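Structure first, commentary second.
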Amino acid sequence: MLDLTYEAPKPKVIAGAKHDWELVIGMEVHAQVSSRAKLFSGASTRFGAEPNSNVAFVDAGMPGMLPVINEGCVALAVKTGLGLKAQINLHSAFDRKNYFYPDLPQGYQISQLYHPIVGEGEVLVEMGEGMARKVRIERIHLEQDAGKSIHDMDPAMSFVDLNRTGVALMEIVSRPDIRGPEEAAAYVLKLRQILRYLGTCDGNMQNGNLRADVNVSVCRPGQYEKYMETQDFSHLGTRCEIKNMNSMRFIQAAIDYEARRQIAIVEAGGSVVQETRLYDPDKNETRSM
Numbered sequence: 155m156l157d158l159t160y161e162a163p164k165p166k167v168i169a170g171a172k173h174d175w176e177l178v179i180g181m182e183v184h185a186q187v188s189s190r191a192k193l194f195s196g197a198s199t200r201f202g203a204e205p206n207s208n209v210a211f212v213d214a215g216m217p218g219m220l221p222v223i224n225e226g227c228v229a230l231a232v233k234t235g236l237g238l239k240a241q242i243n244l245h246s247a248f249d250r251k252n253y254f255y256p257d258l259p260q261g262y263q264i265s266q267l268y269h270p271i272v273g274e275g276e277v278l279v280e281m282g283e284g285m286a287r288k289v290r291i292e293r294i295h296l297e298q299d300a301g302k303s304i305h306d307m308d309p310a311m312s313f314v315d316l317n318r319t320g321v322a323l324m325e326i327v328s329r330p331d332i333r334g335p336e337e338a339a340a341y342v343l344k345l346r347q348i349l350r351y352l353g354t355c356d357g358n359m360q361n362g363n364l365r366a367d368v369n370v371s372v373c374r375p376g377q378y379e380k381y382m383e384t385q386d387f388s389h390l391g392t393r394c395e396i397k398n399m400n401s402m403r404f405i406q407a408a409i410d411y412e413a414r415r416q417i418a419i420v421e422a423g424g425s426v427v428q429e430t431r432l433y434d435p436d437k438n439e440t441r442s443m
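If you count the sequence shown from 1, position 149 lands on 303 in this note's numbering, and the numbers rise without skipping.
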């Protein structure tokens, strides 16, 4: 059992060619809700089914089909919020996030931008030797998952599997409180343990049921403390988001590479461009999407 008296670990410091730099990390963890039906349809969420066999008319974006909320998914999101000591919002609403992609037949994703179901909470991440980091949760919102585009089955064609389309996700958004690669992996591990204990997500990362988007920036020592005083994000440097991480080891490797990439750019007199990137584990590098 964790002693209530603990000390926050020191931030990870990376030595650049000219200066020392500290890491600042925020995370968006996408957890698939443990429901047998999708968020707005009765289609099955069973993993491994034949392609395009678990698709209702509303998932396929058929004209005239209206979404109907799955109350069980709402209950599990509330349960997750309670497990994270979070505020449960009595008023919650959904919004359309419009973008066009082959595996999103509706042309929009139903998500929650303005009125999420769960507000601020926290996760206490034990780091050993009496050290623990309190990571503030900004919000948890419900949203639909997208389908899957398949590009390696035919050299001239791409295929789309809509089985995942409309599956309920909880997006758990943290504040930029994580200060190193090991802390980031420990945070995801602790979050997975909580979700499994609550029974709201099975945490199976290899099936894509739990994956993380990692926001990384670097700043000079002392700048993070200024951010905490003022809540001015400009003190934290320009962040880049690394999408769809589904391995603790890859999360750590991607953060380390991305931090060193940003440090090299800044020390060479350049500016980091805020963008979304992917991690290539074979080359151990991040690249622009």
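Heads up, the beta-carbon is just placed ideally off N, CA and C, and yes, glycines get one too. A quick note: this is a predicted structure, and the numbers were derived from the prediction, not measured.
On a CA-only basis, which of the options is nearest residue i? Give me that one, please.
i    : options                   : result
G235 : R293, A169 and R414       : R293
T319 : P309, V178 and Q298       : Q298
A300 : L316, A310 and A407       : L316
D386 : A340, Q360, R365 and R329 : R329
K302 : A339, L352, G237 and G362 : G362
A408 : P335, D306, E379 and L390 : P335
N358 : L230, M399, E225 and G170 : M399
S371 : A339, V427 and S401       : V427
Y378 : T392, P309 and Q260       : T392
V222 : S207, E204, V167 and F248 : F248
K164 : I332, L364 and P270       : I332
G218 : V183, Q260 and Q241       : Q260
G237 : E383, L349 and D257       : L349
Y268 : H184, G275, N243 and L258 : N243
Y160 : M285, P435 and V209       : M285
Got a sec, what are the start and stop residues for the beta strand (DSSP E) residue i sits in?
i    : result
Q377 : Premise fails: Q377 lies in the alpha helix (DSSP H), Q377 to T384, not in any beta strand (DSSP E).
G275 : G275 to G282
R431 : T430 to D434
V167 : V167 to A169
M399 : C394 to M399
May I ask you to list the residues that DSSP assigns as paired with residue i?
i    : result
M324 : A185 and L296
G180 : N369
V289 : V277
R250 : I264
L244 : Per DSSP, none; premise fails for L244.
S442 : R431
S198 : A191
E161 : M285
I223 : I223 is not bridged to any residue.
L364 : A185
What is the DSSP secondary structure of residue i, counted as helix, strand or coil?
i    : result
F313 : strand
S145 : An answer regarding residue 145 cannot be provided, because it is not within the stretch 155 to 443 covered by the chain.
S207 : coil
S388 : helix
L238 : coil
V272 : strand
K302 : strand
K192 : coil
L230 : helix
D174 : strand
M359 : coil
S425 : coil
Hey, could you find the ends of the alpha helix (DSSP H) residue i is sitting in?
i    : result
A408 : M402 to E421
K344 : P335 to L352
C355 : Counting along the chain, C355 falls outside any alpha helix (DSSP H), and DSSP gives it neither H nor E.
Using 8 Å as the limit for Cβ to Cβ distance, is residue i near chain C?
i    : result
M402 : The structure shown contains no chain C, having only a single protein chain.
(request) Please determine if the stretch 330-349 and the stretch 419-426 are in contact, where contact requires at least 3 C-beta pairs separated by less than 8 Å. (result) No contact exists between the stretch 330-349 and the stretch 419-426.
(request) Assess, as a yes-or-no matter, whether the stretch 192-211 is touched by the stretch 321-335 under the definition of 3 or more beta carbon pairs within less than 8 Å. (result) Because the criterion of three Cβ pairs below 8 Å is met, the stretch 321-335 and the stretch 192-211 touch.
(request) Could you tell me whether the stretch 167-181 touches the stretch 374-385, where touching means 3 or more Cβ pairs closer than 8 Å? (result) Segments in contact, yes.
(request) Flag this pair as touching only if the stretch 284-292 and the stretch 245-265 have three or more C-beta atom pairs under 8 Å; answer yes or no. (result) Contact between the stretch 284-292 and the stretch 245-265 is absent, because fewer than three Cβ pairs lie under 8 Å.
(request) Evaluate the contact criterion for the stretch 217-232 versus the stretch 277-291: three or more CB pairs, one atom per stretch, below 8 Å. (result) Because the criterion of three Cβ pairs below 8 Å is not met, the stretch 217-232 and the stretch 277-291 do not touch.
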